[in-house]
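Everything on this sheet refers to the single structure shown next.
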Amino acid sequence: MKISFPYMGTSHIVAGYLLENLGHEVIHPPVPSKKTLSLGVQHAPEFACLPFKIVLGTYLEVVEMGAEVLITSGGCGPCRAGYYGEMHKRILHDLGYPVEMIVIEPPLVEPFDFFKKLHRLVKPKGYINLVRVLRVAWAKMQALDDLEKTLHKLRPLVFAKKQLNRIYDEGLEAIRRADSVKEVAVARKDALEAMHSLPADHHYKPLRIGLIGEIYVVLEPFANFDIERILGEMGAYVHRSIFLTNWIRDNVLAHGEKDIRAAAVPFLNEMVGGHGQNSVGEVVRYAAKNFDGVIQLAPFTCIPEIVAKSIMPAASKARGIPVMTLYLDEQTGQGGIETRLEAFLDLLRQKRRKQEAS
Amino acid sequence: MRVGIPRTLSFFTLYPLWKPFFEGLGVDVVVSPESNKALLDEGVRETVNDACVPIKLFHGHVAALKNKVDILFMPRLVSLDGKHTLCPKFLGLPDMVRCSISGLPEIIDFRLDLKKGKLELYRFLYRVGQRFTASRAKIIRAIWLARHNFSRYRKLLLQGLTPQEAFNCLDTGYEPQPEKNMSSIRLAVLGYPYSLYDNYISVGLLEKLKSYGVNVVTPEMVPERELKRMSKNLPKNLFWYYSNRVVWSCMYFLQKQNVDGVIHVTAFGCGPDAMTNKLVELETKYNPRKIPFLTVTIDEHTGEVGVATRVEAFVDLIRRKKGMV
Ligand code: SF4
Ligand code: SF4
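Residue numbers (the working numbering), protein chains in the order written: chain A, 70 to 427; chain B, 5 to 329.
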């Protein structure tokens, strides 16, 4: 059985590694492109959110490449993401692709179902193998996150930004190839050292911007026009609120993220699904950490983010931190985004100058 | 003391519960006027532009009430069936309203989450009651009145009355006989109660269909027990109360009532409906009888004429299919 999965940020490196080493034939999903999106848009309901459309596009690409089984995560609401799997399956069947969809529900919600599906995936090579593979996968995930964090930190400081990107890409590739915890560690160290060795202006104090919003559009550069790179190259430091490792720790292994939600309570006193409440909580937190501004990424028609956005002005005003919401849909153009980012950075610079003057 | 209840969203589901309850406590109930253009415009001004029409309209209703009442009643409805939540926008509604409208009176926004158990409704009512009176007996009597009225209301809906007719009937005791017209066309009109029964939002769709001589059935006319049965047909149900009821009642109408067509009324930009609409569409498409299906999307610019033309064409199509013309 040929197996494939959705593409999101750097997670495909880990997912691909996991499945291959559990003994499956993997069809690696291609990087999402204009073609992916237009396939998705063509076959998805009009008001489905952007992530739904891109993932559907990816599925259509991989089934064309021969995938027979698709594996994805489930969820239990209140947001739509948890229903993606079921809906995608129906749409694919309706289009005449008889794929099988394995939707992994969170272990805490459906333990039995979880282990049944897990067993099926692990069977070819057994559980001892699983332990080894999981350790390597986790190491990879951490290494990937470390690389990315360093990239964000150095981007505004380093002079040769292109070169930095190249070293980063090579680092990703090295981590992808690594096949043991040790090899991952070496790849990570090499990449980090190479990044740090680039000449940089360490006295420069970049604007500090928090990036929040719905997980898919935050993590997948194709969905957000590589906003981290744009901002970095405009000389701002981007702190992203979501990384794979902390997300998995908080959402899959435990019902975590309590404190970030607590921070949101004065403004939004209810979990609204997706990252709605987190988004509000993170604004409060970024304000406490003296960030210059926050950018919220929201897929068009994203329910939780609409709720968050309505509350944002109040939170932003109360805590004195500017927030800009960028809506993303298939019509959004790169040019428009860049102009709005420029303007936002200008505003933040002025604000900072005023603060320094007073 | 006057308590204000906006005439939209859960109004069509729960008003007959709240009204006798507050009256039993000796509190006056003020309901916002029927939806109209001015209310919607007001709501549009107060909300983020990507919110759906019903949410915008809700803000309009709140704005219309805020200077007329001492207390606004808009509980945070989390779960009404103990299993599924409402649309996330319902969950965040009190917070959205607070952040967007200024000069609001006191708000009662206790959480109503029946996932906590069947008795939660009574605990909820009791908590609300305590805000108005210290007399335990009075609260309990009010709860009893509310319950009684509410179950009568549900019965009337099952008999085929619209919520408005049922309200009148509860107030006056006059029970209109749902006109059974002899037409042999039966249409399921699916959608959320706040879209279907609000004549302004639905641009008078139900009336129009009746004037064409069509028998209309809606989700509110399906007994709870049947809905539950239908819920077993899906490998995984949706997460949202109203959306599930739309899907389940669609299956019920297709399987048990032989409807000739299905119309789904959905609000522009409604998140849950992206899923609901597709499920319903596939359900009709894969029905052995290949049921005609029409989606009516409604936004603040929807014109009566546009909808009427499409619906008329749809009814004609069904007539032709049945060999009636
Ligand atoms: S969080 Fe937003 S984008 Fe993600 S599934 Fe939910 S509605 Fe869609
Ligand atoms: S279910 Fe749809 S129409 Fe209703 S509040 Fe939610 S998004 Fe709006």
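We put the CB at the ideal spot given by N, CA and C, even for glycine.
Step through the CB atoms of chain B and report whether any lies within less than 9 Å of the CB of residue i.
| i | result |
| --- | --- |
| Ser107(A) | no |
| Thr401(A) | no |
| Met340(A) | yes |
| Leu348(A) | Here residue 348(A) is Ser; the residue named in the question, Leu, does not match the sequence. No, no contact with chain B. |
| Thr141(A) | no |
| Lys185(A) | no |
| Leu337(A) | yes |
| Gly345(A) | yes |
| Ile380(A) | yes |
Under three-state DSSP, which class holds residue i?
| i | result |
| --- | --- |
| Phe26(B) | helix |
| Glu144(B) | Note that residue 144(B) corresponds to Ile in the displayed sequence, not to Glu. Helix, per DSSP. |
| Leu13(B) | coil |
| Arg427(A) | The question names Arg, but residue 427(A) is Ser in the sequence shown. Looking at Ser427(A) - three-state DSSP - the assignment turns out to be coil, as it is neither helix nor strand. |
| Phe184(A) | helix |
| Arg102(B) | helix |
| Ser235(B) | helix |
| Val168(A) | coil |
| Glu351(A) | helix |
| Val124(A) | helix |
| Gly342(A) | coil |
| Glu137(A) | coil |
| Thr408(A) | helix |
| Glu110(B) | strand |
| His308(A) | strand |
| Thr394(A) | strand |
| His265(A) | helix |
| Ala367(A) | strand |
| Gly151(A) | helix |
| Gly362(A) | strand |
Just to confirm, is the Cβ distance from residue i to residue j under 9 Å?
| i | j | result |
| --- | --- | --- |
| Val205(A) | Asp259(A) | no |
| Tyr285(A) | Pro225(A) | no |
| Val284(B) | Phe272(B) | no |
| Phe413(A) | Pro391(A) | yes |
| Ile171(A) | Thr127(A) | no |
| Leu119(A) | Ala292(A) | yes |
| Val363(A) | Ile281(A) | yes |
| Glu339(A) | Arg115(B) | yes |
| Met77(A) | Glu289(A) | yes |
| Gly64(B) | Val48(B) | yes |
| Trp244(B) | His88(B) | yes |
| Gln432(A) | Thr394(A) | Since the first and last residues shown for chain A are 70 and 427, residue 432(A) lies out of range. |
| His221(A) | Arg309(A) | yes |
| Glu399(A) | Leu164(A) | no |
| Phe136(B) | Met5(B) | yes |
| Val168(B) | Tyr201(B) | At residue 168(B) the sequence reads Gln, which differs from the Val that was named. Cβ distance < 9 Å, so Gln168(B) and Tyr201(B) count as in contact. |
| Gly275(B) | Cys91(B) | yes |
| Leu108(A) | Leu125(A) | yes |
| Val319(B) | Val218(B) | yes |
Looking at chain A, is there any beta carbon in it that lies within less than 9 Å of the beta carbon of residue i?
| i | result |
| --- | --- |
| Arg127(B) | no |
| Cys254(B) | no |
| Phe62(B) | no |
| Pro385(B) | One cannot answer for residue 385(B) here, as it falls past the ends of chain B, which runs 5 to 329. |
| Asn291(B) | no |
| Phe243(B) | yes |
| Asn2(B) | Since the displayed chain B opens at 5 and closes at 329, residue 2(B) lies outside it and no answer follows. |
| Met100(B) | yes |
| Asp303(B) | no |
| Thr288(B) | no |
| Asp277(B) | yes |
| Ser215(B) | no |
**Request:** Taking 5 Å as the limit, tell me which residues put their C-beta closer than that to any heavy atom of ligand 4, in chain order.
**Result:** Although ligand 4 was asked about, the structure shown includes only ligand 1 and ligand 2 as ligands.
**Message:** For the structure I just gave you, are there three or more beta carbon pairs, one from the stretch 49–60 of chain B and one from the stretch 30–37 of chain B, closer than 8 Å?
**Reply:** In short, these stretches do not touch, since the Cβ pair count stays below three.
**Request:** Please confirm if the stretch 197–208 of chain B is in contact with the stretch 295–314 of chain B, defined as three or more CB-CB distances below 8 Å between the two stretches.
**Result:** The way I'd put it, the stretch 197–208 of chain B does touch the stretch 295–314 of chain B; three or more beta-carbon pairs between them come closer than 8 Å.
**Message:** Would you call the stretch 338–346 of chain A in contact with the stretch 397–406 of chain A, where contact means no fewer than 3 C-beta pairs closer than 8 Å?
**Reply:** no
**Prompt:** Hey, is the stretch 99–113 of chain B in contact with the stretch 140–150 of chain B, meaning 3+ C-beta pairs nearer than 8 Å?
**Reply:** no
**Message:** In chain order, what are the residue ranges of uninterrupted alpha helix (DSSP H) at least 4 long that sit wholly in the stretch 210–262 of chain A?
**Reply:** 230–246
**Item:** Whole alpha helix (DSSP H) elements within the stretch 118–182 of chain B, 4-residue minimum
**Value:** With a minimum length of 4 residues, the continuous alpha helix (DSSP H) runs that stay inside the stretch 118–182 of chain B are 124–136, 140–162, 167–176.
**Prompt:** Are at least three pairs of beta-carbons, each pair with one atom in the stretch 349–362 of chain A and one in the stretch 329–337 of chain A, less than 8 Å apart?
**Reply:** yes
**Asked** Would you call the stretch 70–84 of chain A and the stretch 93–103 of chain A touching, i.e. three or more CB-CB distances under 8 Å?
**Response** yes
**Request:** Decide yes or no for the touch test of the stretch 219–236 of chain A against the stretch 259–269 of chain A: beta carbon pairs closer than 8 Å, at least 3 of them.
**Result:** yes
**Request:** Could you tell me whether the stretch 298–306 of chain B touches the stretch 250–263 of chain B, using the rule of 3 or more Cβ pairs below 8 Å?
**Result:** no
**Message:** With three or more C-beta pairs closer than 8 Å as the rule, is the stretch 208–218 of chain A touching the stretch 172–183 of chain A?
**Reply:** no
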